[in-house]
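This note's numbering runs 19 ahead of the 1-based position in the sequence shown. For every residue, glycine included, the Cβ atom is placed at its ideal position computed from N, Cα and C. What you are looking at is a predicted structure, and each value in this text was computed from that prediction instead of being measured. These notes concern the structure reproduced below.
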Amino acid sequence: LKIEREVQLKGKSLYALFPKNTPWFDSGWWIGLGQLCPSSETNRMPFLRWTDGNLFANDKLTIGGVKLILPKSKNWDNHYCTFYDYQKSATGSSTRRIFNVTKCTDRRRFICQMRAFSQVIFNGKFVDFLNRQ
């Protein structure tokens, strides 16, 4: 609930600052989950690790009951991070929470190089966030 509230509050200003048609737009908030060894496993989903050092259970593909969305390509030849995001319905009356596994950009490197700036509780567990404001 706290994450959902944070997304609603910060999301409006974030999307106003970085519209989707600008090169600075990156969807979502980094949650402190990223690729353990970038580009080491290109033919299967790489191992992911939290900033506290714990390995992520790749077989579950959910975080706190929220689905983890993987890239469509089966070629894992890049650096990957996990972001929390939400999608609005066409009518704008509802939102869908998702966790996106996506390529890291130069601004947000993989987990071995960057730590999240803040920590919040999500379903009883601490989750790190890289705030972009």
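**Asked** Does DSSP put F75 in a helix, a strand or coil?
**Response** On the sequence shown, position 56 is the one that residue 75 refers to. Collapsing the DSSP output to three states places F75 in coil.
**Prompt:** If you compare alpha carbons, which of Y103, K93 and G72 is closest to I82?
**Reply:** As a position in the sequence shown, residue 82 is number 63, starting the count at 1. Checked all of Y103, K93 and G72; the closest Cα to I82 is Y103.
**Message:** Which residue marks the beginning of the beta strand (DSSP E) containing L55, and which one marks its end?
**Reply:** As a working mapping, residue 55 is identified with position 36 in the sequence shown. No beta strand (DSSP E) holds L55; DSSP gives it neither H nor E.
**Prompt:** Should C100 be labelled buried (16 or more other beta-carbon atoms within 10 Å of its own) or exposed?
**Reply:** In the sequence shown, counting from the first residue as 1, residue 100 sits at position 81. With 16 or more Cβ atoms within 10 Å of its Cβ, C100 is classed as buried.
**Item:** Rounded Cβ spacing between L52 and F75 (contact assumed at less than 8 Å)
**Value:** Along the sequence shown, one-based indexing puts residue 52 at 33. Along the sequence shown, one-based indexing puts residue 75 at 56. Correct: roughly 6 Å between the Cβ atoms.
**Asked** Run through DSSP, which three-state label would C100 get?
**Response** Start at 1 with the first residue of the sequence shown, and residue 100 comes out as number 81. Strand at C100.
**Asked** Roughly how many whole angstroms lie between the Cα atoms of F118 and T70?
**Response** Taking the sequence shown and counting its residues from 1, one reaches residue 118 at position 99. Taking the sequence shown and counting its residues from 1, one reaches residue 70 at position 51. Put simply, the backbone Cα of F118 is about 16 Å away from that of T70.
**Asked** When you compare only the Cα positions, how much space is there between D78 and C56?
**Response** Sequence index remark: in the sequence shown, residue 78 carries index 59 (1-based). Sequence index remark: in the sequence shown, residue 56 carries index 37 (1-based). For D78 and C56, the distance between alpha carbons rounds to 18 Å.
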